[in-house]
Amino acid sequence: MNAVIPLSAQLINLFASVILLLAFAMLAQRRVLKLIDLFALQGFTLFLSTLVVAVKTGQSHLYYSAALTLTLKAFLLPWILHRLVRRLHVKGEVEPLINIPTTMLIGIALVMISFNVALPISELSSSIARGTLGIALAVVMLAFLMMITRRKAVTQVVGFLSMENGLFLAATSATYGMPMVVELGIALDVLVGVIILGVFFFQIRDQFDSLDIHHMERLKDN
Amino acid sequence: MTFSLSGFLGQLFAIVLALALAPLLTGWVNQCRAWLQNRGAPPLLQPYYMLHKLFHKDVVLAHGASSLFRAAPFVIFGCMVLACAIIPSLSTDLPFAPAADALALVGVFGLARVFIALAGMDIGTSFGTLGGRREMLVGFLAEPALLIVIFTVALIVQSTSVATIVETLAHRDFIIYPSLAFAGVAFTMVSLAENARVPVDNPATHLELTMIHEAMILEYSGRHLALIEWAASLKLYAYSCLGLALFFPWGIAERDNFLALLAAIPLLLLKLGIGGFLLALIETINAKMRIFRAPEFLGTAFLLAVLGMLVKLLLENRV
Amino acid sequence: MDLFILMLAIPLVSGALLTVAGERAWAPNLNVLASLGTFLAAAGLTVEIVANGPRFAFGEQFFIDSLNVFFVALTAFVGLTTSIFSGPYMANEAAHGRLTKPRLRLYKSMYQFFMFTMLAALTTNNLGLLWVMMEAATLTTVLLVSLYRTPASLEAAWKYFILCGVGIAQALFGTILLYFAAERVLGHSGTALLWTHLVEVKGQLEPAIMVLAFIFLLVGYGTKVGLAPLHNWLPDAHAEGPTPVSAVLSGLLLNVALYAILRVKVLADGAIPDNFAGNLMMGFGLFTLLLAAFFLSRQKDVKRMFAYSSIEHMGLITFAFGMGGAVANFAGLLHMTMHSLTKSAIFFAVGHATQKTGTQIMADIRGLMKINPLIGWGLMLGTLAILGMPPFGVFASEFMILTHAMKHHAWATPILLLALGVAFAAIFGKVQPMVFGETEAKRLPHAPAITPVFVHLGLVLMLGLWIPPYLTRWFHEAARMLG
Amino acid sequence: MPGLLPIDTLLIVACAWLAIGAAGLVAPRNTRFIARTLFPLGALVGIVAGLVALGSLGSPAQTAVLAIGLPDLPFHLRLDNLSAVFVLLLGIVSAGISIYAAGYFRHPGQGGQGTAPGVLCVEYHLFLASMLMVLLADDAYAFMVAWETMALSSFFLVTTDHRHAAIRQAGYLYLLIAHVGAIAILLSFGVMTGGVGGSGDYTFAGMRAQELSPFWGSVAFLLALFGFGAKAGLLPVHVWLPEAHPAAPSPVSALMSGVMLKTAIYGLLRVSFDLVGMTLWWWGVVALAIGLLTALFGVFYATVQSDMKRLLAYSSIENIGLIAVGIGLTLIFHAYAMEALAALALTAVLYHCLAHAGFKSLLFLCTGSVLHATKERSLGKLGGLIGPMPWVAWLALAGVIAGAGLPPLSGFVSEWLLLQGFLFSPGLPHPWLNMVVPVAAAIVALVAALAGFAMVKFYGIIFLGQMREPALKDAHDAGPWERLGLVWLGGLTLLLGVLPGTIILRIDAATQQLLGKGLADRVAENGWWMLAPISPERASYEPLLFLAFIVATLLFGRWLVRRLYHGRVRRSPAWDCGYHFQGPRAQDTAEGFSQPIRRIFEPMFRMERHFPTLRDKEPYYSVKVEDHFWYWLYLPVARAAAWVSTLITHLQGGRIAVYLMYSFVTLILLLLVARP
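Residue numbers (numbering that gives the first Met the number 0), protein chains in the order written: chain A, 0 to 221; chain B, 0 to 318; chain C, 0 to 482; chain D, 0 to 675.
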């Protein structure tokens, strides 16, 4: 491929890579507050990449999307999470179930799998940033992994939100955004979800005196 | 099937003859046995005297005796008369014969056995139930053995009708059927057991622990006892005649053959006399077994009968 | 007024109203009344669709055809009976001190919102909106499951939220991929997520993308359906939530999730050769069925056991739709109906039984027949019905599924039968001693509503012996649409 | 009513039964109304069904299609001769049982314990109607619906007194095995439609039209044998029977043992001779072998039981075994196109179905009366009941004689026919079959003789001897309704015993339908009083003459003895051997009576015995006989299932991280592996 890659595509690829990197960073991060910060940063990068797509394609609703991302993912949600962590006095350390190096190795494998899976599709893509789909998938997978390996309720939620970031990346970069009504709905769901979760945290702490999810292993069959 | 007058008369004659001869056979066996055992023999007609005496006596019923207890002797007696009526002793021209073939004959004996066992249990003494239980024990082993003996013969003759068996076997050229030999031995063993003879039972004993037949009829008296004793004699007679019919059928008269009928009477007496003597001999040279040896004895009989049938199927089907 | 708008507006408005005024004395009646209104509107809509054929609403965003109007009618009906049942049930819970007034308010408003989300999810033409509504349904039910605020219910709600949240996120990824594929055909317009448009071009969708999309959608919505091994949230949520919620979860929510998969399957079938989607669904269905059957025998909690039974039946239905073809689709739809009706009836009966005896542990529940013969018989007959005993309708659909499997996928038959047999042994062995035997019982402050139980069972019985011709036509039409 | 076809009448009968059942719900606690009005009505309806079936025997098959059922498969019904024979059985036998039930359910608190009489009435008549539908069904769906409804209604009847845990367990076991059997039957139907790539036509007509390969035909047959065997009580799926029969109220036991087991035989006949469309000789061997094992097993266990209804239940197993033997023999003959002989064996099967239905129902009803009168089921606490209960006792005697397979009652006829059938088996054109099969006759003979043992035990210990408990003195005889029911069935037993020719002439239509050949010509040739299936020279049996002879001898003998001598009777105490403390306890107990059997056939039983020792303060002897199959088959299966369950429940370990991982792994696996 000798064709000159347009700047916008370069930028999008860059931002996507940054998001992936941040996902790795989150996977490696031990401290809760830092984790939330990284999440905010990921949201911000996502906003940037959405903005680039919006500028490039000139679709108006992508601007709304970008704005929504900025307010919601870069500011509102991290803020809510910060408040929660402070109010609930969550211990700073995040204790992973599997140690960090192993998690990273699994993470690398996941990225390889994701790229491999996404490769045939990327080649079909007509959009400017064909590689982003693989990255988005990898971000989703890494977030998934984070949810599995962390034992704090808060970190699981961060993982969950990070997964939404990955999805959003896929939606904007790979497909130039979903129809507006859908995106609004998704955003609303995420917001409501986080609010409900916030309420939940308090209830969980009231009942279990901790946000450690290993207290919540009593419903079982064996 | 026509009911000819001669046939009907012949049938009636066979029944009357059975009724008359049966106690005599019992007396004869007793006499032979006494001779063989070196003791003074009772009169040959002793069974008749005894029946007469018993019929005269009052019936003494236990307090708990039920109507079944009183009906049973008559039923048993009726069964035995029926058995004697359908087994060709003199002639095969028996109008009642189609009423029951050899399989049904086994059923008749079974019916009588069930009634006598039930009657034994009726009073509710320890002996009665003991006798009933043992009788049924003997029965469930003897009955199949007898059935298989008949089966074997029926396979040879291709009929279960006793009259047809006799006719066919008597007419055949003399062929040695190994299966019949097995069947004959099995039949003899079964007959001993069925008629409460040594080595399975001892008709002369009243020693409680060894009784079978006597234990059941312990409570009977008077005419009931007479009927049961008579029925026992009839059973012995019926078995003897059956054995003769199955294994020594020669001389039994066939349909519409009056002369042969006349000749058949002395021949029957002769055969019964020899049979009775042999029975007495067997009873003398054997000892009564423990009750739990009886199943082994009868099991052997059953096995022999089945073996006989197998031999028939293996060797003689090819002939 | 448009019946469709009415149908969506009633739960939405009454939900909002109940949020504000849910503590008034008339609130429970409003709940029932709203459900009745929804049901009447749905019934009217059904009649209209059956008479006039499919229609759109709100532009092309909503689309009602004979497939989803069937689900709509079922949902509205079970929603109505559940609201009738939940009146005295919740009153009793409150009387026992397990719920406070604000919680009751929350329950009623969330119940209506939940109905709204489900009806909207069923009727939307937009697959993205479908996802949004599914997520919203999850959120409302999370609140319903955690209504008691006990440690167990919180734990269940948490697991429910996280597992279904993650699942549904995967479904979103699948939806994005679908959009990605559709965009290549339909162009970058608003129509690329509209099912009616997609279905017209399903043959042109790129198979490679559709495979990925279907996998993500199946795993995503499958989590909500309760397909093994994605089912883990389901028993917890059913066991720890209030019984009316268990009833609607089992009877309705699982159906709606499966409906979503069905819609997507139609597209996948058009795009991917070799019955890929069907095989995948058959595999999941059988695995789920077998696994759930063996889970059953180890259960101690009655609601948990029936939750596993729901998983089992969802497996069976998934298998049926996986086989595809008119007969199997018909059987699958029929089985969904039967399962919804029967399972909710069982939960109604179980709800009353647990209230009467004060426990959900089966070993402690005895002699329901003596406590209240109607509850006892309701549970007994319901159990027998769900186990596939004729003459109840579950047998009719199982018969069709089994015979169809014997004809086309004989290898699956032993697995199906093994699972059904094991399930029978497990469930019946546990329910029978609950219903029979001797016991002591306490009186409840509010008389239980038995009618819904027997209305459901009566319907199931009727459908086992006689399916009305118009219903048959309607089912056939729906089954045909599924291909 | 002219123009009303028999099949329509039977449909009306089914509806009438349902309506009678529903009427029971009008006043569910009004025992008087239900017992005195509804049950006799049900009996009347039963008689109508029986008569209609009798009338339709020999006429061509009638079909009907109802408006209910599945959309593509409405209920197909068909009344042909095979169905008619069994409908006849159902109608006539159930009539007797219903009459009896009218009296039986009279006591509040008895029989209706736990379940209201009205509900009982519903269940009972639903049971009857579903059995009728089983016999009429002409497609797989209708059959399965009726079949499982039958299982379900009888399950509820069995658990009428559900307050006892043992009864609940019995019911559970029953329904479970019935369900497993039903699954096998359904599979069998599926195979008969052609399986994969078959017609998928689930009407019986479609199955008949389907050509199967020998392999699939065999699969269908074996599945049917298993499925129907589970209902009938064939080894090794018999275990429910001795549990369920004692648990049920006596009329229900009678109905189940007498009629319901026969519907399974009906099904097996229907599949083997009508639907599957072929016969392989080894099917017959399998049926024969299983039948023999079942019969032997049943009769062994019957002899050692101490509970009167369990004894009868095991006896039912034995009889079903004999019927299976007959079916096996029929199949063998049929496979070699020896239709005349097959007809002989099949007649034996059908006849034994009728006979067993009559006498086993009779015996179960008798135990019901005994239970009512004494509240005792254990043989060890009964005795001497012929005194206070002469009606029951004498009618039970008829049942016992028939059950023991003795002339001149019903049980003998079929055994006689069966043995006649065996006599011809050496003619089979198969090198070892013609040798081995006759040996089976020896086992049949053994079974018949042992049945006599069991029956004598049953009768002698319940009705004869001294009363083992003082309370038995207050026992009362059966009431008029119960008597009527017993007399009805007793009369049936007698009729079946003495009029075999007449009856075979009627049921021969079924034989002809299945095999194309029957016994009717022979029977008609020799006159109605004589049974000579081949020729009178070969074998003949004239039960009427037989009976007349014995009765005549009996009466004549009695008259003569009285005439010549006297009829004096004196009463005195029984002879006590000089030991004055002979009480009722000196009699044999139930255990004692069967001790020889236990001793001789020890390896057949799994026994737990306790012997008293010299040092025991309160010495006692006890013996518990258990079924080997529990330990050989059922417990291992149950343990295996439990093991798998335990293994699988580890999946639900409570940790959300693990749950997420399942989802994760599933996703990744699918992404990597799943390719179209």
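Note that the Cβ used here is the ideal one computed from N, Cα and C, for glycine as well.
Just so you know, these numbers come straight off a predicted model, no measurement behind them.
Taking C-beta atoms as the reference points, C:Y220 and C:A256 count as a pair closer than 7 Å. Taking a Cβ-Cβ threshold of 7 Å, the residues of chain C close to A:Y175 are H187, in chain order. Beta-carbon to beta-carbon, D:H75 and D:A169 are separated by about 35 Å, too far to satisfy the 8 Å threshold. For the options D:L671, D:P635 and D:Y564, the alpha carbon positioned closest to that of B:K56 is the one of D:Y564. Only those residues of the stretch 19-44 of chain B whose C-beta falls short of 9 Å from the nearest C-beta of chain D would be listed, and there are none. Each of C:A156, C:G331 and C:N28 was checked against the Cα of C:L481, and the nearest Cα belongs to C:G331.
Within the stretch 279-301 of chain C, F294, R297 and Q298 place their CB atoms closer than 8 Å to a CB of chain A, listed in sequence order. Counting along the chain, A:S113 sits inside the alpha helix (DSSP H) bounded by residues I99 to S121.
C:R54 has C:I63 as its beta-bridge partners, per DSSP. Taken through DSSP and simplified to helix, strand or coil, C:I449 comes out as coil. At least 7 Å separates the CB of C:I4 from every CB of chain A.
Close partners of C:A424 in chain D (Cβ separation under 7 Å): L175.
Looking at the DSSP output, B:T167 shares a beta bridge with no other residue.
Boundaries for D:H124: no beta strand (DSSP E) harbours it, while the alpha helix (DSSP H) harbouring it runs P116 to L135, taken from the DSSP string. Going by C-alpha positions, B:M49 is about 8 Å away from B:A225.
Interface criterion not met: the Cβ of D:P248 is under 7 Å from no Cβ in chain C. Per DSSP, the continuous beta strand (DSSP E) segment holding D:K623 begins and ends at S621 to E625. If you ignore the 5 residues before and after C:F215, its C-beta comes within less than 6 Å of the C-beta of Q169, F172 and G173, all in its own chain and listed in chain order.
Within the DSSP secondary-structure output, C:I360 pairs in a beta bridge with C:D300. From the listed residues C:W130, C:L121 and C:Y110, the smallest Cα separation to C:V141 is found for C:Y110. Each residue's CA atom was taken as its position, placing C:A384 and D:A177 some 16 Å apart. Residue pairing for B:S90: DSSP places it in a beta bridge opposite B:A252. Counting C-beta atoms within 10 angstroms of its own C-beta, A:Q41 has 16 or more neighbours from the protein chains shown and is therefore classed as buried. In the structure shown, the three-state DSSP call for B:Y176 is coil. Around the beta carbon of C:V19, fewer than 16 other beta carbons lie within 10 angstroms, which makes this residue exposed. Counting along the chain, C:G221 sits inside the alpha helix (DSSP H) bounded by residues P206 to V224. Going by DSSP, D:L78 is part of the beta strand (DSSP E) stretching over P73 to L78. C:G436 carries a coil assignment under DSSP once its states are collapsed to helix, strand and coil. For A:P5, the nearest beta carbon of chain C is not closer than 7 Å to its own beta carbon. Following the DSSP letters along the chain, one finds D:L65 inside the beta strand (DSSP E) bounded by residues Q61 to G68. Linking C:V421 to C:F293 through their CA atoms gives a straight-line distance of about 7 Å. Listed in chain order, the positions of the stretch 621-638 of chain D with a beta carbon within less than 7 Å of a beta carbon of chain A would be empty, since no residue qualifies. Collapsing the DSSP output to three states places D:S212 in coil. Ranked by Cα distance from C:L378, the options C:L401, C:T353 and C:F398 are led by C:T353. For D:R605, the enclosing beta strand (DSSP E) starts and ends at R605 to H609. Using a C-beta cut-off of 8 Å, the stretch 35-47 of chain C makes contact with the stretch 0-7 of chain C, since at least three inter-stretch Cβ pairs fall below that distance.
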